[in-house]
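Below is one structure, written out as structure tokens, with a few remarks after it.
Residue numbers (full-length UniProt numbering): 1 to 373.
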């Protein structure tokens, strides 16, 4: 299923929270540290194999590195498509509309606030687009960009990852490649194009972040705002004969986490392992929030219930959960059929199914029950 960031793909791409009229004044903050605004920008499917120095393949990461001070460490197969002309830089219109709303909000609303605000911007890019003819099969996704962005990519510098034969792949890797429609043959030029188009999509993402930074600078808010940039997951971009996520490989799980703003030391790199779970408490620490350990659900039940209703009116959680379960079942059935008579031996050789052959019928019945047979 193409489920992107925590809010972005579900429809709530922009969440604005501010202390407006009638709100109680914030409690006193320990020490002299002023309360800061927070802007959280989360994109979808962004690789993190390069630092703030940028990527040699030509993807210009100017906006989110220029001022950065702080860094935490089948045949509907994937395809590329060029659209528009050499001057067209707005390819992902949905993300640009969302970015425009955020920019206008900063210039027209946030600039007049007397208390700190939080702005969340969720972007779909650089996630590949669903191919229109493929239905729910994300294995036929399209890496889409325009000549404007593609010209920023240095094709000659793009590295082609090792292309493993199916016979030498672990069964789990084969399953991932199969469900992503990557078991067919890809020429080096096809792989290079997919990676080039992906880097071009990253450059367009960077331009959107640049608009946010420019709006903060133009309104005089940049020096009072902490900006956090991250992604919901990485992007394999044809490494390990896969693209997208859903893998334990570094390219799938490693995401960028960049923080800039007042009180953040310049050029500091943290080697510790962190996760997206750390983002929220880090935001509270950076803003010296005195209510960090307060259970807001108990303290402000009406506010929490109101926000919960808004979220559930936008995101149909039961439908999403059901779609994910159905998708997983259909992919498993397709994979099982592709193995034919080899299915049992493949299952038996997986580490977590070493006792498969001891009671094969028992496990087959369990799988059939899961599939609803």
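Each residue gets a CB set at the ideal place from its N, CA and C atoms; glycine is no exception.
Separation of residue j from residue i, as counted between CA atoms
i, j, result
"residue 165", "residue 241", "9 Å"
"residue 101", "residue 173", "41 Å"
"residue 415", "residue 266", "There is no way to answer for residue 415, as the model of the chain reaches only from 1 to 373."
"residue 41", "residue 209", "8 Å"
"residue 228", "residue 38", "8 Å"
"residue 331", "residue 206", "34 Å"
"residue 62", "residue 170", "The predicted model places residue 62 with a pLDDT of 40, which falls under 50 and marks its position as unreliable; any figure quoted below should be read in that light. Rounded to whole angstroms, residue 62 to residue 170 spans 39 Å at the Cα level."
"residue 218", "residue 113", "15 Å"
"residue 268", "residue 365", "54 Å"
"residue 150", "residue 87", "11 Å"
"residue 163", "residue 287", "46 Å"
"residue 300", "residue 198", "43 Å"
"residue 89", "residue 232", "24 Å"
"residue 83", "residue 283", "38 Å"
"residue 273", "residue 200", "28 Å"
"residue 307", "residue 329", "33 Å"
"residue 340", "residue 159", "35 Å"
"residue 398", "residue 323", "Missing from the structure shown is residue 398; the chain here goes from 1 to 373 and no further."
"residue 120", "residue 298", "24 Å"
"residue 278", "residue 358", "43 Å"
"residue 96", "residue 367", "44 Å"
"residue 295", "residue 304", "11 Å"
"residue 47", "residue 302", "39 Å"
"residue 184", "residue 202", "26 Å"
"residue 312", "residue 124", "20 Å"
Three-way DSSP call (helix, strand, coil) for residue i in this model
i, result
"residue 186", "coil"
"residue 60", "Reliability fails at residue 60, whose pLDDT of 39 lies under 50, so the model's placement of it is uncertain and the value that follows must be treated cautiously. It is coil, neither helix nor strand."
"residue 202", "helix"
"residue 339", "helix"
"residue 288", "coil"
"residue 264", "coil"
"residue 122", "strand"
"residue 238", "coil"
"residue 37", "strand"
"residue 257", "strand"
"residue 229", "strand"
"residue 307", "helix"
"residue 79", "strand"
"residue 144", "strand"
"residue 317", "helix"
"residue 363", "helix"
"residue 178", "helix"
"residue 368", "helix"
"residue 23", "Reliability of the predicted coordinates at residue 23 is poor, the pLDDT of 35 falling under 50, and the value obtained from them is presented with this limitation in mind. DSSP places residue 23 in coil when its eight states are reduced to three."
"residue 160", "coil"
"residue 117", "strand"
"residue 129", "strand"
"residue 269", "strand"
"residue 52", "Per-residue confidence for residue 52 stands at a pLDDT of 38, beneath the threshold of 50, marking its modelled position as unreliable; no derived number is given."
Inter-residue CB distance, residue i and residue j (contact presumed, cutoff 8 Å)
i, j, result
"residue 335", "residue 175", "5 Å"
"residue 225", "residue 261", "6 Å"
"residue 99", "residue 212", "7 Å"
"residue 180", "residue 45", "About 13 Å separates the two Cβ atoms, so there is no contact after all."
"residue 157", "residue 195", "About 10 Å; that fails the 8 Å criterion."
"residue 91", "residue 145", "6 Å"
"residue 356", "residue 363", "6 Å"
"residue 239", "residue 161", "4 Å"
"residue 338", "residue 360", "That pair is no contact at about 19 Å."
Minimum C-alpha distance to residue i - residue among the options
i, options, result
"residue 258", "90, 270 and 315", "270"
"residue 222", "157, 373, 369 and 106", "106"
"residue 243", "128, 367 and 369", "128"
"residue 141", "365, 182 and 216", "182"
"residue 118", "145, 202, 250 and 109", "109"
"residue 275", "298, 302 and 230", "230"
"residue 94", "81, 79 and 122", "122"
"residue 372", "337, 326 and 234", "326"
"residue 104", "370, 215, 329 and 285", "215"
"residue 111", "156, 155, 220 and 186", "220"
"residue 36", "289, 161 and 189", "289"
"residue 43", "234, 189, 155 and 152", "234"
"residue 249", "297, 307 and 177", "177"
"residue 187", "251, 279 and 79", "79"
"residue 155", "193, 251 and 294", "193"
"residue 167", "361, 130 and 346", "346"
Contact test: residue i Cβ vs the ligand ADP heavy atom, cutoff 8 Å
i, result
"residue 366", "The ligand ADP is not part of this structure, which contains no ligands at all."
So, does the segment 314-329 touch the segment 243-256, judging by three or more C-beta pairs under 8 Å?
no
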